[in-house]
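Residue numbering for the sequence shown follows numbering that gives the first Met the number 0, starting at 0 and increasing by one per position. Working notes, beginning with the structure itself.
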Amino acid sequence: MSDTLERLYQVVRDRQEHPQEGSYTCYLFDKGLDKILKKVGEECAETIIAAKNGTQEETVGEISDLLYHLTVMMAAQDIPLRAVLEELDRRSAKIGNLKQFHVSDHET
């Protein structure tokens, strides 16, 4: 999976460095961080709705849209994919990673 994400990240960075007319990725970079973050928020909400009410196919599509827009956001903020993957590796290596929850968290 990380190979796929790495290829996506490289394509996004290439569009950032070498804009191409008609590219949606270039459109997002041209509009700026506010537009990119708006799309991340929209895709996050659509992913939640699909997970609750949609089919697995619809949910997979929304997750894919969200990952794409997160990748654009990372590139816009010069966050290397490697940094995120390393953080995930670090977290997955923890033993006893259960977080303490507030009482209100248990009620939802």
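Backbone N, C-alpha and C fix where the C-beta goes; we use that ideal spot for every residue, glycine too.
When secondary structure is reduced to three states using DSSP, S22 falls in the coil class, being assigned neither helix nor strand. Taking the Cβ atoms as the reference, A49 lies roughly 4 Å from T58, within the contact range of under 8 Å.
A distance of 7 Å or more separates the beta carbons of R12 and T24. Rounded to the nearest angstrom, the gap between the Cα atoms of E41 and L80 is 22 Å. Nearest in C-alpha terms to Y67, of all of Q76, V39, D2 and Y26, is V39. Where T70 is concerned, the enclosing alpha helix (DSSP H) starts and stops at Q55 to A75.
Classified as buried, T70 has 16 or more neighbouring CB atoms from the shown chains inside 10 Å of its CB.
Bounds of the alpha helix (DSSP H) holding I35 are L32 to N52.
With a threshold of 16 other beta carbon atoms within 10 Å, I47 falls short and is exposed.
Within its own chain, the residues whose Cβ lies closer than 6 Å to the Cβ of A74, once the five positions on either side in sequence are excluded, are V11, R12 and Q15, listed in chain order.
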